[in-house]
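Participant: Mapped onto our numbering, the consecutive letters of the sequence shown carry residue numbers -8 to 471.
Starting off with a structure, shown below.
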Amino acid sequence: MYRIYGNFIDGQWQTSISQKLLDSINPATGEVVAHTQDSTVADVDRAVTSVRSAFQTTDWGKNSHRRAAALAKWADAIDEHANDLAAFLTAENGKPIREARVEIQGCSDSLRYYSGMARNVFGRTFQPAADNMGFITREPVGVVAMITPWNWPALLLFRDLAPALAAGNGVVVKPADRTGAITARFFELLEGIDEFSQGILALVTGRGATVGNALVEHRGTDMICFTGSTQVGVQIMQTAARQVKKVALELGGKSPNIVFDDADLEKAITTSCRSLFMTSGQICMAGSRLLVHESIYEDAIQLAKAYAEQLEVGDGALETTDMGPIISETQMSAVLAYIEDGRREGRVVTGGNRLSGPRYDHGFFVAPTVIADLPTTSRVIQEEIFGPVLAVQSFQTEQEAIQLANGTAYGLTAGVWAENLSRAMRVAREIQAGTVWVNGYNRNYAEAESGGFKSSGIGRTRGIDGLLEFTEAKHINITF
Ligand code: NAD
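Here is the structure:
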């Protein structure tokens, strides 16, 4: 029996004024696993008004010890319920259970890191003259609207929610409509934590065009923190510009792994492939382009093919599953259309089709796919596919590798594989991306800033900058 989850406003569970519900569907089986509220603009107004009132009337923004304790307790509650949360995340999103466990662990880790940071929101002082002193203080921005995607719905929420709360803000969360229920599960854990000021945090589920847009337009939100597609990010920025509202945007990617001829080839290809096929390629940091020195190009293609073909694709609930389904039928069709382009313009080395058979027919499964020999202008090279499609290209010189790596509109992450660390460092410095890993990939830490260059975003998440993103600097100056 599946449950109906409400909105969480004013510390209470509420149903939407619309009296309508959204379905959460398991993409591996096509079954409904939960319902969430299909909220309206009026629900958004309720939530924003409530959070603003809590922000203005409680000591949340001024009591760092309270905030530190609240975040630590939420982390403990998540750890206590980690198994249930992971199982439900897999049911709603489709990702393999092993990956879901890692994701849940990342949520409590973010909370703990920023629980400590809540007591370290330091400013500066200076004395420019004998009779004058200045103080630079860091203050919360106010009410933050946090709009999240479905692909890593738990970790990406806490990645930003933990610093926003640590900095003293009130927050209204709007999860992706496909993953509203797992988000609501985290809010259920707030009920036993007295340190959370009543109403400082709200959840409103619903559609992007109504709930998301209403949050951006609402006069009561001071900042929009958005993780999602570049296309929607642009729209949000345009709408927010009308009120000169602060935005933090974590957007799409088309990340390269650059493999030089002195690299540990097997490790480079295995790790690059893992980074792409994880979450069925539905990950912003996916290493979706493999750039290989021409002398090892065919060897790399064969290794990538072998990696793709040994993956166990299926229902994420099974411990043995390496790769789950695509989130929806629409998204699956979009991925298959990219593959058809790749077939016309290049060489499909393996995969290239929807999977069929009793294990697959009720869900949305695409075979792990490797495509080689594509022209740089191909859509498969230039656009974010958000599916299990790896594009392999070759280069001759270091300069060409850098040019190819920087040759898309995106700039989120990159990998450089070389035993010659001087070369690796030289290349890392030239890559236009917020994160560059050398001889590794996807090493993400709460303490390390990440974010996008170019069309991959604005601002930084995680680390110290991730906390300061949710503050305003104020200069208070005294003449005595
Ligand atoms: P999406 O842009 O379709 O939706 C993201 C969120 O925005 C959802 O909650 C959605 O309901 C909401 N939304 C949609 N239209 C809106 C509007 N007009 N106004 C306000 N809100 C609106 O993205 P998605 O399909 O959920 O996620 C996939 C995308 O997210 C990919 O492009 C991926 O690269 C990106 N992503 C980026 C990061 C990062 O850290 N850079 C992390 C994960 C995902």
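All C-beta atoms, glycine included, are put in the ideal place defined by N, C-alpha and C.
Using the Cα positions of T49 and C216, report the straight-line distance between them to the nearest angstrom.
Facilitator: Spanning the two alpha carbons is a distance of roughly 23 Å.
Participant: If you draw a straight line from the C-alpha of L12 to the C-alpha of V225, how long is it?
Facilitator: If you take the alpha carbons of L12 and V225, they lie about 28 Å apart.
Participant: Please say whether P316 and S266 have beta carbons closer to each other than 8 Å?
Facilitator: Against a cut-off of 8 Å, the Cβ pair of P316 and S266 comes out as no contact.
Participant: Would you please state the rounded distance, in angstroms, between the beta carbons of Y432 and N248? I believe it to be under 8 Å.
Facilitator: Confirmed, about 7 Å.
Participant: Rounded to a whole number of angstroms, what is the C-alpha to C-alpha distance between L102 and F177?
Facilitator: In a straight line, the C-alpha of L102 is about 12 Å away from that of F177.
Participant: Considering only heavy atoms of the ligand NAD, does any lie closer than 7 Å to the CB of I317?
Facilitator: Outside the cutoff, so no.
Participant: Given a threshold of 16 other Cβ atoms within 10 Å of its Cβ, counted over all protein chains shown, does S324 qualify as buried or as exposed?
Facilitator: S324 comes out exposed.
Participant: Please list the terminal residues of the continuous alpha helix (DSSP H) segment that includes T483.
Facilitator: Look at the range of the chain in this structure, -8 to 471, and you will see that residue 483 is not part of it.
Participant: Considering Cα atoms alone, identify which of L381, A308, Y(-7) is closest to G342.
Facilitator: That would be L381, whose Cα lies nearest to the Cα of G342.
Participant: Drop a sphere of 10 angstroms on the beta-carbon of N160, count the other beta-carbons inside from all chains shown, and report buried for 16 or more, exposed for fewer.
Facilitator: Buried: at least 16 other Cβ atoms inside 10 Å.
Participant: What do you reckon, is the C-beta of R198 under 7 Å from a heavy atom of the ligand NAD?
Facilitator: Yes - the ligand NAD has a heavy atom lying nearer than 7 Å to the Cβ of R198.
Participant: Tell me which same chain residues have a C-beta within less than 6 Å of the C-beta of A164, skipping the five on either side of it?
Facilitator: Per the sequence presented here, residue 164 reads as Val, with Ala not at that position. Excluding sequence neighbours, V164 sits near M137, L194.
Participant: Leaving out five residues before and five after E410 in sequence, what residues of the same chain have Cβ atoms less than 6 Å from its Cβ?
Facilitator: For E410, where only same-chain residues beyond five positions count, the Cβ hits under 6 Å are D253.
Participant: For the ligand NAD, I want to know if C216 counts as a neighbour, meaning its beta carbon is within less than 7 Å of at least one of the ligand's heavy atoms.
Facilitator: C216: no, Cβ never under 7 Å from the ligand NAD.
Participant: A464 to R58, Cα distance in whole Å?
Facilitator: Answer to the nearest angstrom: the Cα atoms are 20 Å apart.
Participant: Restricting to runs no shorter than 3 residues, where is the beta strand (DSSP E) found entirely within the region 124 to 204?
Facilitator: The qualifying runs are 134 to 138, 161 to 165, 192 to 194.
Participant: For S106, which residues of its own chain have a beta-carbon under 6 Å away from its beta-carbon, when the five flanking residues on both sides are left out?
Facilitator: Same-chain partners within the cutoff: A59, L62, A63.
Participant: Where does the unbroken alpha helix (DSSP H) through F46 begin, and where does it stop?
Facilitator: Element bounds for F46: 32 to 48.
Participant: Helix, strand or coil for C264? Go by DSSP, reduced to three states.
Facilitator: Residue state, collapsed to three classes: helix.
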